[in-house]
Amino acid sequence: MDTFLGFDAVMLARMQFGFTVAFHFIFPAISIGLASFLAVLNGLYLWTKNEAYLRLFKYWLKIFAISFAMGVVSGIVMSYQFGTNWSVFSDIAGPVIGPLMAYEVLTAFFLEAGFLGIMIFGRDKVGPGLHMFACLMVAVGTAISATWILSVNSWMQTPQGFSIAENGQFVPEDWWAIIFNPSFPYRLAHTLTAAYLTTAFIVGGVGAWHLLRGRRENPGVRTMFSMAMWMAALVAPLQIFLGDMHGINTLEHQPAKVMAMEGHFESHEAGAPLILFGIPDQDAGEMRYSIEIPKLSSLILKHDLNAPLAGLDTIPDDEEPPVAVVFWSFRVMVGLGFAMLGIGLWSLWARFRGRLYDNRWLHRTAVAMGPSGLVAVIAGWITTEVGRQPYVVYGALRTAEAHSPLAASAVGVSLIAFVVIYFVIFGAGVAYILKLMRHAPALGERGVRVEPGPIRTTGITPQQQLREDGHDMAKEGA
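For the sequence shown, UniProt numbering gives the first residue as 1, with consecutive numbering after it.
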C-alpha cells in the first residue's frame, strides 16, 4: 500500500481537509457573531447617542474586518480541495452540492461584498440610515452564507431528494427535500447559536481582561463585558436545548453516530446509562474504566428512563465510526457548553449583587473562557464529521471511494506545506487581532483607517501628477 509517514492517501486527504476546515471554521464563527454584534452596537448608538456604543463599534469593526478577510481566504483553499483531493466526490455529488454552493456565492457573498465596504468605510460618507442598513445587510449575509453551507453539510449527513444515474452520479429530484433535509433545521439553529456564543465569550474575555487591568471606569469596557454576559446567560441555555433536539434528530437518522457519542458498545433493553468518562476500546467492543449514571442516557435521548437503546453491537464493524474521537470530542463540546452556562448564571448573580465589574474571580474565569467557543465549535464539527464515517455522503458514498487517485506522498507534502503556511500567515493575523484587543476602547476610537483620496491601483494618474506638480510650483513661487 502506498503510504507517506505511515498514512495512506485517503487518511492524508482527510487530515488535510480537517486541518484547513478547522482553521477556516473559527473565522466565520467569529465574523457571523461579530457582524450581528456590530449591527446591534450601531443601532444602539443611533438610538441613544451613547458614545460608549460608538467606541465599541469602531473597536470591534477592525477585528471583524481582519477575521472576515481571513475567513474568505481560508474558505477558498477548502473549495479547491474538492477538485484536488476529492475529485470523485465532486464528480458524483457535484450535481447536488454544486448548485447549493453557487447559491451561497450568488446570494450571501454578493450581499456581503456589496455592503461590506459601506459598513467599514462609509460611516462619514453616507447617511446614518444607509450605514445602518449596510450593517444589517452584512449581518444577514453572514447568516445566509452559513445557511447554504450548512444545507450542503446537512445533506451529506441526511441525504434525500436525489436519485443515482447510470453513471453513478447523484441527480437532483427534489430541491426542496435536498435543501430542507431532515437534519438541516437543527444543525442551522445549533451552529448559528454557537457562533453567537463564541463571539460573546471572546468579547466578554476581552472586557474581563481590561477590567482586571483596572479599567473598570471605562464605559466601553463595562458595556462590552455586560453585553457579553447577558448573551451568555440568555443564549447558553437555549444552545443546550437546541443541542438536545439536534441529538434526538441524529439518533433517528444517524444512530451509529449517537452510539459512538454515548460510548454504547452494547445494547440496553431497559434503560441505557450515561457514560460520563471512560476509555473506549473499539477492538474489544467495550468501554473500559467507565463512570456511569444509570439510565440517564435513555432519559436524555428518549425522555424515558427505561427506554431501550441499541448499541454498536447492532452495527457491522465496517460501518462503525471511530468511537474514541467521537466520544471525546462530544464531551469537550458538551463540557464547554455547560461551563458557558455556569459563567452566564454566575454573571447574573454578580449583577444582582452589584458586583459584575468588581468580581475578579468572575473576570479571571471569563478571560480563561474567552476562546472556549472556538474550541467548542471545532469539537462539535469533529463530532459531526468523524461520526459520519465511513461515509462522505451518509449511506450513499464511502469516504474511501470518494478521493482523488493521488499518491500518498503528493498529498502528504501538500499537507505539510499547508501546515507551515497556515501557521505563518494566519498566525500573523491572529497575533495582530490580539494586539488590537490589548488596548481598551477609548474616547474618539478610530475605526478602520482610510487614506485621503481614491486608491489608484495603477499608480499616479496624469491628472493627479498635474495637480501635484502645480502644488509644488505654487510652493516654490511662494
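Beta carbons are placed, not taken as given, at the ideal position from N, Cα and C, and that holds for glycine.
Annotation for residue 13: 85, 403, 411 place their beta carbon closer than 6 Å to its own, counting only its chain and skipping 5 residues before and after.
Remark: three or more beta-carbon pairs, one from each stretch, lie closer than 8 Å, so the region 47 to 62 and the region 428 to 443 are flagged as touching.
In chain order, 287, 288 place their CB closer than 8 Å to the CB of residue 281, counting only its own chain and leaving out the 5 sequence neighbours on each side. Your pair residue 201 and residue 372 checks out as a contact, with CB atoms roughly 6 Å apart and the cut at 8 Å. With 16 or more other Cβ atoms inside 10 Å of its own Cβ, residue 254 counts as buried. Just measuring C-alpha positions, the residue of 303, 47, 234, 311 sitting nearest residue 266 is 311. Apart from sequence neighbours up to five positions away, the residues of its chain that approach residue 138 with a beta-carbon distance below 6 Å are 35, 112, 115, 116, 119, ordered along the chain. Just so you know, the alpha carbons of residue 23 and residue 74 end up roughly 7 Å apart. Beta-carbon to beta-carbon, residue 263 and residue 366 are separated by about 32 Å, too far to satisfy the 8 Å threshold. For residue 144 and residue 193, the gap between their C-alpha atoms comes out near 14 Å.
The Cβ-Cβ distance between residue 290 and residue 275 falls below 8 Å.
Scanning 349, 406, 377 for the CA closest to the CA of residue 11 turns up 406.
Residue 79 is classed as exposed because its beta carbon has fewer than 16 other beta carbons within 10 Å across all chains shown. Excluding its 5 nearest sequence neighbours in each direction, residue 249 has C-beta neighbours in its own chain below 7 Å: 182, 183, 186, listed in chain order.
It is roughly 13 Å from the alpha-carbon of residue 20 to the alpha-carbon of residue 28.
For residue 268, DSSP records a beta bridge to 309. The C-alpha of residue 258 is placed about 13 Å away from the C-alpha of residue 313. Rounded to the nearest angstrom, the Cβ distance from residue 218 to residue 270 is 59 Å, too far for a contact under 8 Å. Cβ-Cβ distances below 7 Å link residue 422 to 23 in the same chain, with the five nearest sequence neighbours on each side left out; the list follows chain order. From the listed residues 243, 419, 368, 199, the smallest Cα separation to residue 63 is found for 199. 8 Å or more divides the Cβ of residue 390 from the Cβ of residue 292. At a cut-off of 3 residues, the continuous stretches assigned as beta strand (DSSP E) that sit fully inside the region 166 to 195 are 170 to 172. The continuous beta strand (DSSP E) containing residue 281 extends over residues 274 to 281. Of the candidates 336, 355, 98, 336 places its Cα closest to the Cα of residue 376. Assignment of residue 14 by DSSP, reduced to helix, strand and coil, places it in the helix class. According to DSSP, residue 422 shares a beta bridge with no other residue. Rounded to whole angstroms, the gap between the alpha carbons of residue 67 and residue 285 is 43 Å. A distance below 8 Å between beta-carbons, with the five flanking residues on each side excluded, links residue 298 to the following residues of its chain, in chain order: 268, 271, 272, 304, 305, 306, 307, 308, 309.
By the C-beta density criterion, residue 48 is exposed, having fewer than 16 other C-beta atoms within 10 angstroms. Listed in chain order, the non-local C-beta contacts of residue 104 below 7 Å within the same chain comprise 145, 148, 149, local neighbours out to five positions each way being set aside.
Distance between residue 179 and residue 388, taken at the CA atoms: about 19 Å. Our two residues, residue 229 and residue 343, have alpha carbons roughly 8 Å apart in a direct line. Cβ-Cβ distances below 7 Å link residue 347 to 229, 232, 233, 356, 362 in the same chain, with the five nearest sequence neighbours on each side left out; the list follows chain order. If you look at residue 105, you'll find it isn't in any beta strand (DSSP E); DSSP assigns it neither H nor E. Residue burial is scored here from C-beta neighbours: residue 394 has at least 16 other C-beta atoms within 10 angstroms and is therefore classed as buried.
Taking a cut-off of 8 Å on C-beta distances, the region 150 to 166 touches the region 89 to 99, as three or more cross pairs fall below it.
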